[in-house]
Amino acid sequence: MIITSFLNIMYILRHPTTHVNGEHDKQKLSATAKPEDSPSTTKLMKIPNNQSVIFQAAFKKLLDSFNEKYISTMHQHNSTNLLCPSIPPDLQGPLIIKGLPKNFTLLKESSYHSEVQSGGRHQPKTCLPRHKVAIIVPYRNRWEILEQFLFHTHTFLQRQQLDYRIFVCEQAYDKTFNKGIVMNGCFKEILKLEPNTQCFIMHDVDLLLIDDRNMYSCPINPRHLSVAVDKFQFYLPYPELVGGVLAMRREHYLLVNGYSTNYWGWGGEDDDMHKRIVKKKLILDRPPTAIARYKMLKHSHQKLNPARMKVLRTANNRIDSDGVNNVIYKLLNTTLYHLYTHLLIDVGEQQS
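Quick note: the sequence shown uses UniProt numbering, first residue 1, plus one each step.
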(Lines of atoms letter the chains of each structure in order from A and count residues from 1; the text may use other names and numbers.)
(Lines give C-alpha, C1' and ligand atoms only; values in the text may rest on other atoms or scores of the structure.)
Protein backbone atom coordinates (compact mmCIF):
# COMPACT_ATOMS: atom_id res chain seq x y z
CA MET A 1 0.00 0.00 0.00
CA ILE A 2 2.79 2.42 0.95
CA ILE A 3 4.82 1.50 -2.12
CA THR A 4 1.79 1.99 -4.40
CA SER A 5 1.07 5.42 -2.94
CA PHE A 6 4.70 6.39 -3.33
CA LEU A 7 4.78 5.35 -6.99
CA ASN A 8 1.55 7.25 -7.66
CA ILE A 9 3.08 10.41 -6.23
CA MET A 10 6.19 9.89 -8.31
CA TYR A 11 4.11 9.48 -11.45
CA ILE A 12 2.33 12.75 -10.80
CA LEU A 13 5.63 14.54 -10.20
CA ARG A 14 7.16 13.15 -13.36
CA HIS A 15 4.04 13.81 -15.47
CA PRO A 16 2.76 17.34 -14.65
CA THR A 17 -0.73 18.36 -15.77
CA THR A 18 0.69 20.57 -18.52
CA HIS A 19 1.85 17.42 -20.27
CA VAL A 20 -1.38 15.53 -19.74
CA ASN A 21 -3.54 18.29 -21.12
CA GLY A 22 -1.01 19.33 -23.73
CA GLU A 23 -3.34 19.28 -26.76
CA HIS A 24 -6.01 21.30 -25.00
CA ASP A 25 -3.44 23.87 -23.88
CA LYS A 26 -1.93 24.12 -27.36
CA GLN A 27 -5.39 24.78 -28.85
CA LYS A 28 -6.07 27.43 -26.21
CA LEU A 29 -2.75 29.14 -26.84
CA SER A 30 -3.25 28.97 -30.59
CA ALA A 31 -6.67 30.59 -30.33
CA THR A 32 -5.55 33.47 -28.14
CA ALA A 33 -2.04 34.13 -29.41
CA LYS A 34 -1.24 37.21 -31.48
CA PRO A 35 1.61 37.52 -33.98
CA GLU A 36 3.51 39.89 -31.71
CA ASP A 37 3.14 37.40 -28.87
CA SER A 38 4.98 34.55 -30.63
CA PRO A 39 8.36 35.13 -28.88
CA SER A 40 6.61 35.01 -25.51
CA THR A 41 4.65 31.96 -26.58
CA THR A 42 7.87 30.19 -27.54
CA LYS A 43 9.35 31.03 -24.15
CA LEU A 44 6.26 29.72 -22.36
CA MET A 45 6.39 26.44 -24.22
CA LYS A 46 9.95 25.79 -22.93
CA ILE A 47 8.91 25.93 -19.25
CA PRO A 48 7.73 22.28 -19.05
CA ASN A 49 11.16 21.18 -20.28
CA ASN A 50 12.86 23.10 -17.44
CA GLN A 51 10.31 21.75 -14.98
CA SER A 52 10.98 18.24 -16.25
CA VAL A 53 14.67 18.60 -15.41
CA ILE A 54 13.80 19.86 -11.92
CA PHE A 55 11.28 17.07 -11.41
CA GLN A 56 13.78 14.46 -12.64
CA ALA A 57 16.34 15.65 -10.08
CA ALA A 58 13.76 15.77 -7.30
CA PHE A 59 12.47 12.35 -8.27
CA LYS A 60 15.95 10.81 -8.19
CA LYS A 61 16.70 12.37 -4.81
CA LEU A 62 13.40 11.19 -3.36
CA LEU A 63 13.79 7.72 -4.85
CA ASP A 64 17.28 7.35 -3.40
CA SER A 65 15.97 8.39 0.00
CA PHE A 66 13.08 5.93 -0.29
CA ASN A 67 15.41 3.08 -1.21
CA GLU A 68 17.73 3.88 1.65
CA LYS A 69 15.13 4.26 4.37
CA TYR A 70 12.15 2.11 3.41
CA ILE A 71 13.32 -0.62 1.06
CA SER A 72 16.36 -1.45 3.22
CA THR A 73 14.12 -1.54 6.29
CA MET A 74 11.69 -3.87 4.54
CA HIS A 75 14.54 -6.09 3.46
CA GLN A 76 15.85 -6.29 7.02
CA HIS A 77 12.34 -7.00 8.34
CA ASN A 78 11.83 -9.81 5.84
CA SER A 79 15.20 -11.35 6.67
CA THR A 80 14.37 -11.44 10.39
CA ASN A 81 11.08 -13.16 9.58
CA LEU A 82 13.01 -16.19 8.35
CA LEU A 83 13.16 -19.15 10.71
CA CYS A 84 16.52 -19.82 12.28
CA PRO A 85 18.26 -22.81 10.67
CA SER A 86 17.60 -26.17 12.29
CA ILE A 87 21.36 -26.51 12.78
CA PRO A 88 22.70 -23.17 14.07
CA PRO A 89 25.75 -22.05 12.06
CA ASP A 90 27.93 -20.89 14.97
CA LEU A 91 28.08 -24.07 17.05
CA GLN A 92 31.60 -24.92 18.20
CA GLY A 93 31.25 -28.57 19.21
CA PRO A 94 33.47 -29.62 22.15
CA LEU A 95 33.97 -26.77 24.62
CA ILE A 96 36.76 -25.92 27.00
CA ILE A 97 35.51 -24.85 30.43
CA LYS A 98 37.42 -21.77 31.53
CA GLY A 99 37.48 -20.00 34.85
CA LEU A 100 35.38 -16.92 35.46
CA PRO A 101 36.81 -13.50 34.58
CA LYS A 102 37.92 -11.69 37.72
CA ASN A 103 35.53 -8.81 37.15
CA PHE A 104 32.46 -10.98 36.53
CA THR A 105 29.64 -10.81 39.06
CA LEU A 106 25.93 -11.59 39.14
CA LEU A 107 25.23 -8.52 41.27
CA LYS A 108 25.40 -6.08 38.36
CA GLU A 109 24.90 -6.10 34.59
CA SER A 110 27.39 -8.33 32.84
CA SER A 111 29.40 -6.80 30.00
CA TYR A 112 30.22 -10.36 28.88
CA HIS A 113 26.58 -10.99 28.00
CA SER A 114 25.47 -7.64 26.63
CA GLU A 115 22.87 -9.26 24.35
CA VAL A 116 21.03 -10.87 27.28
CA GLN A 117 17.96 -8.96 28.44
CA SER A 118 16.89 -8.42 32.04
CA GLY A 119 15.64 -11.60 33.67
CA GLY A 120 18.06 -13.86 31.78
CA ARG A 121 16.17 -13.67 28.49
CA HIS A 122 17.63 -13.82 25.00
CA GLN A 123 16.28 -13.96 21.44
CA PRO A 124 18.30 -14.06 18.21
CA LYS A 125 18.14 -10.86 16.17
CA THR A 126 18.83 -12.25 12.71
CA CYS A 127 16.10 -14.91 12.53
CA LEU A 128 12.97 -16.21 14.19
CA PRO A 129 13.77 -18.83 16.85
CA ARG A 130 12.22 -22.25 16.38
CA HIS A 131 11.85 -22.90 20.12
CA LYS A 132 10.80 -20.99 23.22
CA VAL A 133 12.49 -22.54 26.22
CA ALA A 134 12.37 -21.99 29.97
CA ILE A 135 15.31 -23.36 31.93
CA ILE A 136 14.42 -24.22 35.53
CA VAL A 137 17.39 -24.35 37.90
CA PRO A 138 16.60 -25.58 41.43
CA TYR A 139 19.01 -23.78 43.72
CA ARG A 140 20.13 -23.61 47.30
CA ASN A 141 23.29 -22.17 48.88
CA ARG A 142 25.67 -22.58 45.91
CA TRP A 143 26.48 -19.01 44.88
CA GLU A 144 29.91 -19.63 43.31
CA ILE A 145 28.54 -22.57 41.32
CA LEU A 146 25.57 -20.46 40.18
CA GLU A 147 27.97 -17.81 38.87
CA GLN A 148 29.88 -20.35 36.81
CA PHE A 149 26.69 -21.95 35.55
CA LEU A 150 25.12 -18.71 34.33
CA PHE A 151 28.30 -17.35 32.75
CA HIS A 152 28.88 -20.57 30.80
CA THR A 153 25.28 -21.46 29.94
CA HIS A 154 24.35 -18.08 28.47
CA THR A 155 27.40 -18.25 26.22
CA PHE A 156 26.45 -21.44 24.39
CA LEU A 157 22.66 -20.90 24.49
CA GLN A 158 23.03 -17.74 22.41
CA ARG A 159 24.85 -19.74 19.74
CA GLN A 160 21.96 -22.23 19.68
CA GLN A 161 19.63 -19.41 18.50
CA LEU A 162 16.86 -20.10 21.00
CA ASP A 163 14.28 -17.86 22.57
CA TYR A 164 15.18 -18.78 26.13
CA ARG A 165 14.97 -17.53 29.69
CA ILE A 166 16.74 -18.87 32.78
CA PHE A 167 14.79 -19.17 36.02
CA VAL A 168 16.70 -19.79 39.24
CA CYS A 169 14.20 -21.32 41.67
CA GLU A 170 15.27 -21.14 45.28
CA GLN A 171 13.61 -22.78 48.26
CA ALA A 172 13.15 -20.25 51.04
CA TYR A 173 14.14 -20.70 54.67
CA ASP A 174 16.33 -23.39 56.18
CA LYS A 175 13.87 -26.23 55.81
CA THR A 176 14.15 -29.77 54.47
CA PHE A 177 14.62 -29.52 50.72
CA ASN A 178 11.77 -30.60 48.43
CA LYS A 179 12.79 -30.46 44.78
CA GLY A 180 9.37 -31.57 43.51
CA ILE A 181 7.53 -28.65 45.10
CA VAL A 182 10.18 -26.19 43.91
CA MET A 183 10.04 -27.48 40.31
CA ASN A 184 6.24 -27.66 40.12
CA GLY A 185 5.83 -24.25 41.72
CA CYS A 186 8.28 -22.68 39.29
CA PHE A 187 6.59 -24.40 36.35
CA LYS A 188 3.28 -22.81 37.28
CA GLU A 189 4.80 -19.38 37.91
CA ILE A 190 6.65 -19.43 34.59
CA LEU A 191 3.40 -20.08 32.73
CA LYS A 192 1.91 -17.05 34.48
CA LEU A 193 4.82 -14.90 33.32
CA GLU A 194 5.16 -16.35 29.82
CA PRO A 195 2.16 -18.55 28.98
CA ASN A 196 3.37 -19.36 25.46
CA THR A 197 6.47 -21.19 26.70
CA GLN A 198 6.74 -24.47 24.76
CA CYS A 199 9.54 -26.35 26.42
CA PHE A 200 11.00 -26.72 29.90
CA ILE A 201 14.50 -27.86 30.75
CA MET A 202 15.07 -28.96 34.33
CA HIS A 203 18.75 -28.31 34.93
CA ASP A 204 20.99 -29.04 37.94
CA VAL A 205 23.12 -25.99 38.70
CA ASP A 206 26.36 -27.98 39.00
CA LEU A 207 26.35 -29.36 35.43
CA LEU A 208 28.10 -27.50 32.60
CA LEU A 209 27.57 -28.60 29.01
CA ILE A 210 30.85 -29.30 27.19
CA ASP A 211 29.53 -29.77 23.65
CA ASP A 212 27.11 -27.17 22.29
CA ARG A 213 25.80 -29.55 19.61
CA ASN A 214 23.67 -31.00 22.41
CA MET A 215 20.71 -28.74 21.61
CA TYR A 216 18.50 -27.25 24.31
CA SER A 217 15.59 -27.17 21.88
CA CYS A 218 12.06 -28.46 22.33
CA PRO A 219 12.06 -32.22 21.63
CA ILE A 220 9.15 -34.30 20.35
CA ASN A 221 9.67 -36.73 23.24
CA PRO A 222 11.06 -36.16 26.73
CA ARG A 223 14.83 -36.01 26.35
CA HIS A 224 17.46 -36.77 28.96
CA LEU A 225 20.34 -34.49 27.97
CA SER A 226 23.00 -35.22 30.59
CA VAL A 227 23.85 -38.71 29.35
CA ALA A 228 27.63 -38.55 29.84
CA VAL A 229 28.99 -36.78 32.95
CA ASP A 230 32.69 -36.65 33.74
CA LYS A 231 32.04 -37.79 37.33
CA PHE A 232 30.77 -41.12 35.92
CA GLN A 233 33.55 -41.39 33.31
CA PHE A 234 31.05 -40.25 30.65
CA TYR A 235 28.87 -43.35 31.00
CA LEU A 236 25.21 -43.53 31.98
CA PRO A 237 25.16 -45.02 35.50
CA TYR A 238 21.81 -46.81 35.03
CA PRO A 239 19.14 -46.81 32.27
CA GLU A 240 16.37 -45.27 34.39
CA LEU A 241 18.37 -42.12 35.12
CA VAL A 242 16.69 -38.87 34.05
CA GLY A 243 18.30 -36.58 36.63
CA GLY A 244 20.76 -33.83 35.82
CA VAL A 245 19.30 -32.19 32.70
CA LEU A 246 15.86 -33.18 31.40
CA ALA A 247 13.92 -31.48 28.58
CA MET A 248 10.14 -31.84 28.34
CA ARG A 249 7.40 -30.21 26.34
CA ARG A 250 4.78 -28.40 28.38
CA GLU A 251 2.06 -30.90 27.51
CA HIS A 252 4.24 -33.84 28.57
CA TYR A 253 5.09 -32.21 31.89
CA LEU A 254 1.37 -31.81 32.53
CA LEU A 255 0.64 -35.36 31.32
CA VAL A 256 3.00 -36.92 33.88
CA ASN A 257 1.74 -34.41 36.48
CA GLY A 258 5.20 -32.92 36.97
CA TYR A 259 7.39 -34.08 39.83
CA SER A 260 6.23 -35.92 42.91
CA THR A 261 6.09 -33.70 45.97
CA ASN A 262 6.56 -36.55 48.47
CA TYR A 263 10.37 -36.59 48.51
CA TRP A 264 11.70 -34.55 51.43
CA GLY A 265 15.48 -34.38 51.36
CA TRP A 266 17.82 -35.19 48.49
CA GLY A 267 17.19 -38.02 46.05
CA GLY A 268 14.33 -40.10 44.70
CA GLU A 269 12.29 -37.51 42.77
CA ASP A 270 14.19 -38.03 39.49
CA ASP A 271 13.73 -41.81 39.54
CA ASP A 272 10.07 -41.16 40.32
CA MET A 273 9.92 -38.94 37.20
CA HIS A 274 11.23 -41.82 35.08
CA LYS A 275 8.40 -44.03 36.34
CA ARG A 276 5.91 -41.33 35.40
CA ILE A 277 7.29 -41.06 31.87
CA VAL A 278 7.07 -44.83 31.40
CA LYS A 279 3.60 -45.10 33.01
CA LYS A 280 2.20 -42.45 30.63
CA LYS A 281 3.70 -44.35 27.67
CA LEU A 282 6.04 -41.57 26.63
CA ILE A 283 9.25 -42.38 24.79
CA LEU A 284 12.43 -41.21 26.49
CA ASP A 285 15.09 -39.95 24.08
CA ARG A 286 18.79 -39.50 24.70
CA PRO A 287 21.29 -37.73 22.45
CA PRO A 288 24.47 -39.61 21.47
CA THR A 289 27.02 -39.96 24.24
CA ALA A 290 29.59 -38.25 22.01
CA ILE A 291 27.80 -34.90 22.36
CA ALA A 292 25.61 -35.23 25.50
CA ARG A 293 28.63 -34.51 27.70
CA TYR A 294 28.84 -32.51 30.92
CA LYS A 295 31.31 -31.42 33.52
CA MET A 296 30.11 -31.59 37.11
CA LEU A 297 31.37 -28.75 39.28
CA LYS A 298 32.83 -29.73 42.62
CA HIS A 299 30.52 -29.20 45.56
CA SER A 300 29.65 -30.70 48.91
CA HIS A 301 27.00 -33.40 48.54
CA GLN A 302 23.90 -33.39 50.70
CA LYS A 303 22.86 -36.35 52.77
CA LEU A 304 20.44 -38.55 50.85
CA ASN A 305 16.86 -38.99 51.99
CA PRO A 306 16.79 -42.38 53.78
CA ALA A 307 13.07 -42.83 53.05
CA ARG A 308 13.36 -42.26 49.30
CA MET A 309 13.25 -45.95 48.28
CA LYS A 310 10.13 -46.58 50.34
CA VAL A 311 8.36 -43.64 48.69
CA LEU A 312 9.60 -44.71 45.26
CA ARG A 313 7.88 -48.10 45.55
CA THR A 314 4.47 -46.38 45.48
CA ALA A 315 5.33 -44.04 42.58
CA ASN A 316 2.93 -45.52 40.01
CA ASN A 317 -0.02 -45.25 42.40
CA ARG A 318 0.46 -41.51 43.03
CA ILE A 319 0.97 -40.10 39.53
CA ASP A 320 -2.43 -38.47 39.11
CA SER A 321 -2.83 -37.35 42.73
CA ASP A 322 0.68 -36.11 43.58
CA GLY A 323 2.26 -33.46 41.42
CA VAL A 324 1.79 -30.16 39.66
CA ASN A 325 -2.02 -30.41 39.70
CA ASN A 326 -2.21 -30.15 43.49
CA VAL A 327 1.14 -28.68 44.57
CA ILE A 328 0.96 -26.35 47.57
CA TYR A 329 3.54 -23.58 47.80
CA LYS A 330 3.86 -19.85 48.30
CA LEU A 331 5.73 -17.54 45.95
CA LEU A 332 7.53 -15.06 48.20
CA ASN A 333 9.30 -12.97 45.60
CA THR A 334 10.12 -12.63 41.91
CA THR A 335 13.27 -10.64 41.13
CA LEU A 336 14.71 -9.85 37.72
CA TYR A 337 18.49 -9.84 37.61
CA HIS A 338 20.46 -9.35 34.44
CA LEU A 339 21.28 -13.01 33.83
CA TYR A 340 18.33 -14.75 35.52
CA THR A 341 14.88 -14.47 36.98
CA HIS A 342 14.89 -15.41 40.66
CA LEU A 343 11.80 -17.11 42.09
CA LEU A 344 11.76 -17.59 45.86
CA ILE A 345 9.49 -20.47 46.88
CA ASP A 346 8.19 -21.42 50.32
CA VAL A 347 7.49 -25.18 50.20
CA GLY A 348 5.82 -25.31 53.59
CA GLU A 349 6.43 -27.89 56.30
CA GLN A 350 6.96 -31.62 55.90
CA GLN A 351 3.92 -33.56 56.98
CA SER A 352 4.66 -36.26 59.54
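Every residue, glycine too, gets a C-beta built ideally from N, C-alpha and C.
* First and last residue of the alpha helix (DSSP H) that includes Asp346? -> Asp346 -> not in any alpha helix (DSSP H); beta strand (DSSP E) instead, spanning Thr341 to Asp346.
Comparing alpha-carbon positions, which option in Glu170, Gln160 and Val168 lies nearest Cys218?
Gln160
TODO: Output the residue ranges of the beta strand (DSSP E) runs that lie fully inside the UniProt domain "Galactosyltransferase C-terminal" (223-299) and measure 3 residues or longer, sorted by chain position.
DONE: 245-249 and 293-296
Using the Cβ count rule (16 or more neighbours within 10 Å means buried), how would you classify Asn317? exposed
(request) May I ask you to report which of helix, strand or coil DSSP gives Leu139? (result) Reading the sequence as shown, one finds Tyr at residue 139 and not Leu. Strand, per DSSP.
May I ask which residues mark the beginning and end of the beta strand (DSSP E) holding Phe200? Cys199 to His203
Practice problem: Report the option in His131, Ile345, Gln117 and Ile97 whose CA atom is closest to the CA atom of Ile201. | Solution: His131
key: the stretch 195-209 contacting the stretch 274-289, beta-carbon criterion three pairs below 8 Å   = no
* Asked: Between which two residues does the beta strand (DSSP E) carrying Ile166 extend?
  -> Asp163 to Gln171
*asked:* Which of the three DSSP states is assigned to Gln318 in this structure?
replied: At residue 318 the sequence reads Arg, which differs from the Gln that was named. The answer is coil: DSSP assigns Arg318 none of H, G, I, E or B.
9 Å Cβ cutoff met for Val168 and His342: yes
### Query
Would His299 be called buried (16 or more neighbouring beta carbons within 10 Å of its own) or exposed?
exposed
Do Leu146 and Val205 have their CB atoms nearer than 9 Å? yes
(message) Between the alpha carbons of Leu312 and Lys108, how many angstroms are there, rounded?
(response) 42 Å
- For Leu91, does the three-state DSSP call read helix, strand or coil? coil
Discussion item. So, for Gly267: in the same chain, excluding its five sequence neighbours on each side, which residues have a beta-carbon less than 6 Å away from its beta-carbon?
Written reply: Leu304, Asn305 and Arg308
task: Could you pull out every residue in the same chain whose Cβ sits closer than 6 Å to the Cβ of Pro94, ignoring the five residues on either side in sequence?
output: Asp211
The beta strand (DSSP E) with Asn196 in it runs from where to where? Premise fails: Asn196 is in no beta strand (DSSP E) and is neither H nor E.
Glu349 by DSSP, collapsed to three states: which one? coil
Could you check whether the stretch 171-189 touches the stretch 274-284, counting it as contact only if at least three pairs of C-beta atoms, one from each stretch, sit closer than 8 Å? no
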